[in-house]
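Letter by letter, the sequence shown follows residues 267 to 470 of the working numbering.
We put the CB at the ideal spot given by N, CA and C, even for glycine.
Small disclaimer: the values here were computed from a predicted structure and weren't measured.
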Amino acid sequence: MGADGVSDGAFLVTNGPTSSEVLLLVGPPGAGKGTQAEKLARARRLQKLSTGDMLRDHVGRGTDLGVAAKATMDAGQLVSDELIVEMVRAELDNQPIRVLLDGFPRTVVQAEALDALLTELGTAITAAVLLEVDIDELVARLLKRAQEQGRADDNDATIRTRMQVYTDQTAPLVAYYEGRGKLRRVHGIGAVEEVFAGISEVLP
Ligand code: AP5
267 MGADGVSDGA FLVTNGPTSS EVLLLVGPPG AGKGTQAEKL ARARRLQKLS TGDMLRDHVG
327 RGTDLGVAAK ATMDAGQLVS DELIVEMVRA ELDNQPIRVL LDGFPRTVVQ AEALDALLTE
387 LGTAITAAVL LEVDIDELVA RLLKRAQEQG RADDNDATIR TRMQVYTDQT APLVAYYEGR
447 GKLRRVHGIG AVEEVFAGIS EVLP
């Protein structure tokens with residue numbers, strides 16, 4: 267059994283994946299996207315793409331992209347759609363595409379670009395999972411992480427900006443995916459395992 271409670275053996279007895287699957291995790295900062303992405307990717311044998319992790323990796327390595335993105339990220343604003351879409355496009359070169367997207371798309375422009383890219387690649391989104399968590403819990407989680415890990419954007423002022431950016435620029439994705447019959451709502455409060463079970467229940 268792996269540390270996250272997913273059986274290691276499950277991977278050994280199944281055949282290789284043969285069909286495409288594209289899952290998205292949507293939710294405000296602190297909703298648990300990254301936490302659940304790790305578990306879901308492992309359980310469903312998906313490649314995990316976290317645009318936040320990818321950007322932080324660039325910042326850490328001091329690449330041109332990282333240098334360009336750092337101030338924007340530290341301020342809690344979104345990095346440009348063009349840059350993000352190109353970064354994701356460069357990763358989607360496996361066939362069949364089996365991917366879990368964490369933190370992307372984050373704007374309707376990104377969602378439309380993703381739909382176009384997937385159509386180009388002969389596939390489509392399987393489901394968009396919305397993790398629903400109230401604001402008090404979100405802030406408490408991020409302030410706790412600030413004490414534990416010191417992430418540059420986990421401070422009081424930047425958390426407030428990130429929440430506002432979510433409301434203004436990312437929350438419209440809920441209607442976008444609902445209108446396309448792709449949205450799956452999951453209660454995101456409770457033990458990590460309970461939330462994971464809730465996600466698993468709503469997925470095909
Ligand atoms: P990103 O890294 O995506 O950050 P975020 O959306 O703010 O998300 P977080 O990582 O804070 O939260 P999460 O929902 O992943 O929750 P987590 O599992 O970590 O983006 C950072 C920045 O990069 C953006 O502001 C932007 O500048 C840029 N960026 C990224 N993608 C972009 C894009 N597509 N376009 C433009 N710019 C982009 O959990 C949070 C905490 O809660 C953890 O400490 C965790 O242990 C804890 N926790 C998790 N689940 C539970 C639970 N069930 N109960 C209690 N605690 C829990």
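| With DSSP run on the structure shown, which of helix, strand or coil describes Arg451? | strand
| Just checking my contact of Ala406 with Tyr443 at CB under 8 Å: how many whole Å lie between their CB atoms? | Between Tyr443 and Ala406 the Cβ distance is about 27 Å, and since that is not below 8 Å, they are no contact.
| field | Among Val468, Pro470, Glu459, the one whose alpha carbon lies nearest that of Glu304 | value | Glu459
| Cβ of Glu403 within 7 Å of Cβ of Ile455? | yes
| task | Measure from the alpha carbon of Arg355 to the alpha carbon of each residue in Leu315, Lys448, Asp422, Gly447, then state which is nearest. | result | Leu315
| Among Val375, Leu366, Thr424, the one whose alpha carbon lies nearest that of Arg308 | Leu366
| query | Where Gly282 and Gln313 are concerned, what is the direct C-alpha to C-alpha distance, given to the nearest angstrom? | reply | With a pLDDT of only 48 at Gly282, under the threshold of 50, the placement of this residue in the model should not be trusted; the figure read from the coordinates follows. Rounded to the nearest angstrom, the two C-alpha atoms are 13 Å apart.
| said: Following a CB-centred definition, is Lys305 positioned closer than 6 Å to any heavy atom of ligand 1? | reply: no
| request: Determine, using beta-carbon pairs with one atom in the stretch 426-433 and one in the stretch 316-334, whether at least three such pairs fall under 8 Å. | output: no
| message | Going by C-alpha to C-alpha distance, which of Arg311, Glu357, Leu358, Leu321 sits closest to Ala344? | response | It is worth fixing the name first, because residue 344 is Leu in this sequence and not Ala. That would be Leu321, whose Cα lies nearest to the Cα of Leu344.
| said: I believe Ile465 touches Leu290 by the beta-carbon criterion, under 8 Å. Please report the beta-carbon distance rounded to the nearest angstrom. | reply: Between Leu290 and Ile465 the Cβ distance is about 12 Å, and since that is not below 8 Å, they are no contact.
| said: Between Thr424 and ligand 1, is there a pair consisting of the residue's CB and a ligand heavy atom that are separated by less than 6 Å? | reply: no
| field | Start-to-end residues for the alpha helix (DSSP H) that takes in Ala394 | value | Per DSSP, Ala394 belongs to no alpha helix (DSSP H); it is in the beta strand (DSSP E), 393-398.
| Between the C-alpha atoms of Phe462 and Thr373, what's the straight-line distance to the nearest angstrom? | 25 Å
| task | Measure the C-alpha to C-alpha separation of Ala297 and Leu397 and round it to an integer number of angstroms. | result | 6 Å
| Would Ile401 be called buried (16 or more neighbouring beta carbons within 10 Å of its own) or exposed? | exposed
| request: Give the single residue among Ser285, Met353, Gln302, Glu357 whose Cα lies nearest to the Cα of His453. | output: Gln302
| request: Let me know if Lys410 comes out buried or exposed under the rule of 16 or more other beta-carbons within 10 Å of its beta-carbon. | output: exposed
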